[in-house]
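Engineer: For the protein sequence lines, the chains are A and B, in the order given.
The opening position of the first sequence corresponds to residue 9 in the numbering used here, with each subsequent residue numbered one higher.
The opening position of the second sequence corresponds to residue 9 in the numbering used here, with each subsequent residue numbered one higher.
Beta carbons are placed, not taken as given, at the ideal position from N, Cα and C, and that holds for glycine.
Values in this document were obtained by computation on a predicted structure and should not be read as measured data.
Structure provided below as structure tokens; questions to follow.
2 protein chains.
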Amino acid sequence: MSPEHNTAPVTPPEQAAKAILARLYTPILPELRQVEEMYRRELSSDDEYIANLLEYIEDYSGKKLRPALLLLAGKACGKLTQDHIILGVVAEMLHTATLVHDDILDDALLRRKRTSINALAGNEVSVLLGDHIFSHAFEISLECTTPVGAREFSRAMARTCFGEIMQVHNRNNFNLPEPKYFDIIEGKTAELYATSAMLGAHYAGANEAVCRAFYDYGMNLGRAFQIMDDLLDMIGEESLVGKTLGSDVEKGKPTLPLIHHLEQVNGAGRKKALEAASKGDRKTLMELLHETESFKYAAAKAGAYVASAKNGLDVLPKGDMRDLLHEVADFVLSREL
Amino acid sequence: MSPEHNTAPVTPPEQAAKAILARLYTPILPELRQVEEMYRRELSSDDEYIANLLEYIEDYSGKKLRPALLLLAGKACGKLTQDHIILGVVAEMLHTATLVHDDILDDALLRRKRTSINALAGNEVSVLLGDHIFSHAFEISLECTTPVGAREFSRAMARTCFGEIMQVHNRNNFNLPEPKYFDIIEGKTAELYATSAMLGAHYAGANEAVCRAFYDYGMNLGRAFQIMDDLLDMIGEESLVGKTLGSDVEKGKPTLPLIHHLEQVNGAGRKKALEAASKGDRKTLMELLHETESFKYAAAKAGAYVASAKNGLDVLPKGDMRDLLHEVADFVLSREL
């Protein structure tokens, strides 16, 4: 994609993305189906009201990138086991729980083009439903043959929350240095990718160096993903992204293009950009950021992380699975996952 | 206590309650100190902002009844181990996390007479901070020598959330039948007590029957506690309880005295009570509930659960620890724990 060119749709249509993923997921399709089935089974309750809520949020589960990463990493390192299925479900449930809570944070009205759970059932229920899903995910993780998955996912989630808190705390802090921006996105986004990929390798019997390589692979993918997500929030189209748009800037969240722009301009330029941001004058802001090629800068950063992700897989033997994991990394650049 | 008599303070002063607990906690004092120290150590962060938040909510940790129950149950069944310390910390952290999230649900301005974390840092940070504490508690629980504690506490938390969701869903449902009321409080309150007591026994090597007896003990204590909490919300004094008062009725939460009253009166009486409740006319509501002895009824129910809790401990040999656990049960009736 070339986010620097204009504000027109920059992502391939939803359908094309789905087709690409369907192809990338081919080697793990039977196991991914098992993950989906178990996920549905586990999101249930005897109470009719709660059962309906859980059924409703099943839809939050989108492209299942986290379980897919976990399964692909496992497949690349050896044999997939029941532990992979369980932890695939855990990864997706933890992600779902964060989405449910994120909707409260974002005051989002839409999630995947449907009414979000907080708009539907209120913030109180959303908090509790997310808490339930967190707790149940941890419960499920203990069904594995070893506690490594439970330990790593609980550690990852604790870090994820810290990343999100730092993000909220730095709202409207347009002096946020780039390293702190990365601290935040590594926590709030990349950690769960990294842990998923690492655990996939671990439960397929990979040695520590390979596990570490997969952790880094997921981390780099997550960084690239979040940068692309920030970009799409500014330049995507609501119809494509399926969520309320431009909310990052409106909510004062310093994103990478904006951070880059503010580091490039002088005092007057800075004032101009912050004024446009605070007014929600998206058109002016877009023009200013294009002038400093800040979208281009952010896209290049995402590209560099994808390249690192791919290079890190040199620990694997050449072959189909390594090629496929390279393609998965490239896919992050092509659209919101 | 005699909650049916008037609206004057019904709890012994805070200091007296503390003195009673200090005595009840004597046999487990060194271990409780270890729990407190580890709890403080674990609620920390390199990020200054987050570290300050965590330090602030250390104060949420009040009488530490859940870790104390766990330790007392362990002491009654055998030797206390490092597993007990770890799980005591977990019990307290899970409780703290629910308090942090409850403040959002309650829109509470005060918690233990201090500004609540949501009033201080906003709902977003409160959601995330609670999520962090949940995740970290699960992480810590995996430091035990066996995964039983992690499994039981994650199961318990998942049920706790369901109980809370049912409570929100039944707000303003004044046709709530008493059994459903108990479903709700068993989930939202009693499950964590029950699991704490059961795990204390389990990790001291108790057999299944004794573990089950401690689970039931905690469950009955929890039921009694929640009934007393509901009572205190209606008839306590803000200065004593240290949180915003009468909020249950204002928020349309059907409590046991109200449920009982509505089951006793005819259509006209029902209308009168619901009008008073919906207007927040506490004085009228109190008078009506006194007429049907509904506070007395609720207090008697709490008393019956305390009696059951005590009887269930007949599996233990007679002795100091059993006597002390009886006293702990009685204490529930004396005030909010």
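Taking 8 Å as the threshold, find out whether the region 170 to 186 of chain A comes into contact with the region 263 to 271 of chain A through three or more Cβ pairs.
Structural biologist: Verdict: yes, contact present.
Engineer: When burial is assigned at 16 or more other CB atoms within 10 Å of the CB, is A:G157 buried or exposed?
Structural biologist: Residue numbering aside, residue 157 of chain A sits at position 149 when the first sequence is read from its first letter. Classification of A:G157: buried, given that the 10 Å Cβ count is 16 or more.
Engineer: Assuming A:P75 is part of the alpha helix (DSSP H), what are its boundary residues?
Structural biologist: Counting from 1 along the first sequence, the entry for residue 75 of chain A is found at position 67. That run of the alpha helix (DSSP H) goes L73 to C85.
Engineer: Less than 9 Å separating the beta-carbons of A:F233 and A:T203?
Structural biologist: Mapped onto the first sequence, residue 233 of chain A falls at position 225. Mapped onto the first sequence, residue 203 of chain A falls at position 195. Not a contact, by the Cβ cut-off of 9 Å.
Engineer: Quick check: the region 89 to 109 of chain A against the region 72 to 79 of chain A, are there 3 or more CB pairs under 8 Å?
Structural biologist: With a cut-off of 8 Å, the region 72 to 79 of chain A and the region 89 to 109 of chain A count as touching, because enough Cβ pairs lie within range.
Engineer: Report buried or exposed for A:V249, applying the criterion of at least 16 other Cβ atoms within 10 angstroms of its Cβ.
Structural biologist: Taking the first residue of the first sequence as 1, we reach residue 249 of chain A at position 241. With a pLDDT of 45 at A:V249, under the threshold of 50, the modelled position of this residue cannot be trusted, and the question is left open.
Engineer: Which runs of the beta strand (DSSP E) fall wholly inside the region 126 to 188 of chain B and span at least 3 residues, in chain order?
Structural biologist: Counting only runs of 3 or more, we get nothing.
Engineer: So the candidates are A:D67, A:I173 and A:I243; which of them puts its Cα closest to the Cα of A:T123?
Structural biologist: Taking the first sequence and counting its residues from 1, the one referred to as residue 123 of chain A is at position 115. Ranking the options by Cα distance to A:T123, first place goes to A:D67.
Engineer: Helix, strand or coil: which one does DSSP assign to B:T104?
Structural biologist: Taking the second sequence and counting its residues from 1, the one referred to as residue 104 of chain B is at position 96. In the structure shown, B:T104 sits in a helix (DSSP, three-state: H, G or I).
Engineer: DSSP state of B:T197, grouped into three classes?
Structural biologist: For the purposes of this step, residue 197 of chain B is taken as residue 189 along the second sequence, with counting starting at 1. Of the three classes helix, strand and coil, the one that applies to B:T197 here is helix, per DSSP.
Engineer: For B:H144, which residues in chain A fall below 8 Å Cβ to Cβ?
Structural biologist: Counted from its first residue, the second sequence places residue 144 of chain B at position 136. Within 8 Å Cβ-Cβ: S162 and A166.
Engineer: Distance cutoff 9 Å, beta carbons only. Does A:I112 sit that close to anything in chain B?
Structural biologist: Residue mapping note: residue 112 of chain A aligns to position 104 of the first sequence, counting from 1. Yes, its Cβ sits closer than 9 Å to a Cβ of chain B.
Engineer: A:T292 by DSSP, collapsed to three states: which one?
Structural biologist: For this step, residue 292 of chain A is matched to residue 284 along the first sequence. Reduced to three states, the DSSP call for A:T292 is helix.
Engineer: Cα separation between B:E301 and B:Y313?
Structural biologist: Stepping through the second sequence from its first residue, residue 301 of chain B is reached at position 293. Stepping through the second sequence from its first residue, residue 313 of chain B is reached at position 305. Taking the straight line from one Cα to the other gives about 19 Å.
Engineer: So, at 7 Å on beta carbons, what are the nonlocal neighbours of A:F170 in its own chain, with the 5 sequence-adjacent residues on each side left out?
Structural biologist: The sequence position of residue 170 of chain A within the first sequence is 162, counting from 1. Counting only Cβ-Cβ distances below 7 Å, and skipping sequence neighbours, we find G195.
Engineer: Using CA atoms only, rank isn't needed, just tell me which of B:F142, B:I28 and B:E172 is closest to A:Y57.
Structural biologist: On the first sequence, residue 57 of chain A is found 49 positions in, with the first residue counted as 1. For A:Y57, the nearest C-alpha among the options comes from B:E172.
Engineer: As a quick exercise: from B:R330, B:E295 and B:I148, pick the residue whose alpha carbon is nearest that of B:H92.
Structural biologist: The count along the second sequence starts at 1 and reaches residue 92 of chain B at position 84. The option with the nearest alpha carbon to B:H92 is B:I148.
Engineer: Any beta-carbon of chain B closer than 9 Å to the one on A:N180?
Structural biologist: For the purposes of this step, residue 180 of chain A is taken as residue 172 along the first sequence, with counting starting at 1. False, the Cβ-Cβ gap to chain B never drops below 9 Å.
Engineer: Please tell me whether A:G138 and B:V133 are closer than 9 Å, where the distance is taken between their beta carbons.
Structural biologist: Translated into positions along the first sequence, residue 138 of chain A becomes position 130. Translated into positions along the second sequence, residue 133 of chain B becomes position 125. Contact: no.
Engineer: When you compare only the Cα positions, how much space is there between B:R48 and B:K280?
Structural biologist: On the second sequence, position 40 is the one that residue 48 of chain B refers to. On the second sequence, position 272 is the one that residue 280 of chain B refers to. Straight-line Cα distance between these residues: approximately 49 Å.
Engineer: Would you tell me roughly how many angstroms separate the C-alpha atoms of A:H103 and B:K26, rounded to the nearest one?
Structural biologist: Counting from 1 along the first sequence, the entry for residue 103 of chain A is found at position 95. Counting from 1 along the second sequence, the entry for residue 26 of chain B is found at position 18. So the alpha carbons of these two residues sit roughly 42 Å apart.
Engineer: Between A:G96 and chain B, is the shortest Cβ-Cβ distance under 9 Å, so that the two count as touching?
Structural biologist: Working through the first sequence from its first residue, we reach residue 96 of chain A at position 88. It does not: the Cβ of A:G96 has no partner Cβ on chain B nearer than 9 Å.
Engineer: Look at the alpha carbon of B:A310 and the alpha carbon of B:R231, and state the distance between them as a whole number of angstroms.
Structural biologist: The residue you call residue 310 of chain B lines up with position 302 of the second sequence. The residue you call residue 231 of chain B lines up with position 223 of the second sequence. For B:A310 and B:R231, the distance between alpha carbons rounds to 7 Å.
Engineer: Per DSSP, A:T34 is paired with what?
Structural biologist: One-based indexing of the first sequence puts residue 34 of chain A at position 26. In DSSP, A:T34 forms no bridge with anything.
Engineer: My understanding is that A:K87 touches A:A198, with C-beta atoms under 8 Å, so please give their C-beta distance in whole angstroms.
Structural biologist: Position 79 of the first sequence, counting from 1, holds the residue named residue 87 of chain A. Position 190 of the first sequence, counting from 1, holds the residue named residue 198 of chain A. Between A:A198 and A:K87 the Cβ distance is about 27 Å, and since that is not below 8 Å, they are no contact.
Engineer: Note down, in chain order, all residues in the region 50 to 80 of chain B with a beta-carbon under 7 Å from any beta-carbon belonging to chain A.
Structural biologist: The residues in question are S53, D55, Y57 and I58.
Engineer: Flag B:T106 as yes if its beta-carbon sits less than 9 Å from any beta-carbon of chain A, otherwise no.
Structural biologist: Within the second sequence, residue 106 of chain B is the residue found at index 98, counting from 1. Yes - at least one Cβ of chain A is within 9 Å of the one on B:T106.
Engineer: Excluding five sequence neighbours on each side, which residues of the same chain lie with their C-beta closer than 6 Å to the C-beta of B:G320?
Structural biologist: Along the second sequence, one-based indexing puts residue 320 of chain B at 312. Excluding positions up to five away in sequence, the list reads A221, D224 and Y225.
Engineer: Cα separation between B:V336 and B:L40?
Structural biologist: Here residue 336 of chain B corresponds to residue number 328 of the second sequence, with the count starting at 1. Here residue 40 of chain B corresponds to residue number 32 of the second sequence, with the count starting at 1. Cα to Cα, B:V336 sits roughly 16 Å from B:L40.
Engineer: Can you name the residues of chain B whose CB is closer than 9 Å to the CB of A:A198?
Structural biologist: By 1-based counting over the first sequence, the position of residue 198 of chain A is 190. Neighbours of A:A198 on chain B: none; closest Cβ ~16 Å, over 9 Å.
Engineer: Report the option in A:L79, A:L229, A:E216 and A:A164 whose CA atom is closest to the CA atom of A:S316.
Structural biologist: Here the question's residue 316 of chain A lines up with position 308 in the first sequence. Ranking the options by Cα distance to A:S316, first place goes to A:L229.
Engineer: Apply the 10 Å Cβ neighbour rule to B:T153 and answer buried if 16 or more other Cβ atoms are within range, or exposed otherwise.
Structural biologist: Taking the second sequence and counting its residues from 1, one reaches residue 153 of chain B at position 145. So B:T153 counts as exposed.
Engineer: Do you know offhand how far A:P325's Cα is from A:G275's?
Structural biologist: The residue labelled residue 325 of chain A in the question sits at position 317 within the first sequence. The residue labelled residue 275 of chain A in the question sits at position 267 within the first sequence. Roughly 52 Å separates the two Cα atoms.
Engineer: Which residue's Cα is closest to the Cα of B:E299: B:L266, B:H109 and B:H177?
Structural biologist: Position 291 of the second sequence, counting from 1, holds the residue named residue 299 of chain B. That would be B:L266, whose Cα lies nearest to the Cα of B:E299.
Engineer: When the Cα atoms are used, what is the spatial distance from A:I193 to A:R167?
Structural biologist: Locating residue 193 of chain A in the first sequence gives position 185, where the first residue counts as 1. Locating residue 167 of chain A in the first sequence gives position 159, where the first residue counts as 1. Going from the Cα of A:I193 to the Cα of A:R167 covers about 11 Å.
Engineer: Looking at the C-beta of A:D139, does it have a partner C-beta in chain B at a distance below 9 Å?
Structural biologist: Working through the first sequence from its first residue, we reach residue 139 of chain A at position 131. For A:D139, the answer is yes, since a Cβ of chain B falls inside 9 Å of its Cβ.
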